[in-house]
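S.K.: My questions all concern the structure below.
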Amino acid sequence: MTSRVIEVVSYDPRWVRLFESEKVLLAEAIGQNALKIEHIGSTSVVGLSAKPVIDILIEVTCLTELDKVNKHIETLGYLVKGENGITGRRYFQKGGVQHSHHIHAFQTDDMHLCRHRAFKEYLIAHPKTLLAYDKVKRMAASQSGNNIQTYMMLKNDFIQKHEQLAIRWFSAK
1 MTSRVIEVVS YDPRWVRLFE SEKVLLAEAI GQNALKIEHI GSTSVVGLSA KPVIDILIEV
61 TCLTELDKVN KHIETLGYLV KGENGITGRR YFQKGGVQHS HHIHAFQTDD MHLCRHRAFK
121 EYLIAHPKTL LAYDKVKRMA ASQSGNNIQT YMMLKNDFIQ KHEQLAIRWF SAK
């Protein structure tokens, strides 16, 4: 079995086009239940290094209705992963071992929608924090030994601190 390589690369403007083309396919597969389909995560922030994985946030009116279209989403190459550790989420992966796309879907008013949106917008509005996060991500990738849990753990303190600041900042906007 091939193992996943944890690689953080410089920002690539093609990530926007990859998201946009996927958004069209997902909107068609999900239908009117999808209220918003947004590009989130590091690939959505101009200038931020990232694992080359397109993270997609989908706000839906009803998770049960989303579950009913899992087969449509699977035809786009996604694996259906259920909540995958976060209550109230529907998670999907695409791209085999290396993962090219992740979908995080939540029902309207779920706090995770705000969390994801706030962190992205905070990084865009705070260039010094963006640069610091870039360094943390590169360090974590180099020290992770290609272990995703180690990579996430090495970023965790930074994310926890700045996510709370981001939510307060975002809520005050």
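Read in the UniProt record's numbering, the sequence shown has 3 at position 3, and its numbers run on one by one without any break.
Every residue, glycine too, gets a C-beta built ideally from N, C-alpha and C.
The structure presented is a predicted model; accordingly, all values stated were derived computationally and were not measured.
Leaving out five residues on either side along the sequence, give the residues of the same chain with a beta carbon under 8 Å from the beta carbon of residue 7.
M.R.: Within the same chain, residue 7 has close Cβ partners 51, 52, 141.
S.K.: Rounded to whole angstroms, what is the Cα-Cα separation between residue 67 and residue 77?
M.R.: Roughly 16 Å separates the two Cα atoms.
S.K.: Please report the residue range of the beta strand (DSSP E) in which residue 89 lies.
M.R.: Unbroken beta strand (DSSP E) run through residue 89: 89-94.
S.K.: Nearest CA to the CA of residue 116: which residue from 101, 63, 57?
M.R.: Taking only the C-alpha atoms, the option nearest residue 116 is 57.
S.K.: DSSP three-state call for residue 16: helix, strand or coil?
M.R.: In this structure, residue 16 counts as helix in the three-state DSSP scheme.
S.K.: Mind checking which residues open and close the alpha helix (DSSP H) that includes residue 67?
M.R.: Per DSSP, residue 67 belongs to the alpha helix (DSSP H) from 63-67.
S.K.: Drop a sphere of 10 angstroms on the beta-carbon of residue 43, count the other beta-carbons inside from all chains shown, and report buried for 16 or more, exposed for fewer.
M.R.: That one is buried.
S.K.: Compute the distance between the beta-carbons of residue 60 and residue 34, then report whether it is under 7 Å.
M.R.: In this structure, residue 34 lies closer than 7 Å to residue 60 by Cβ.
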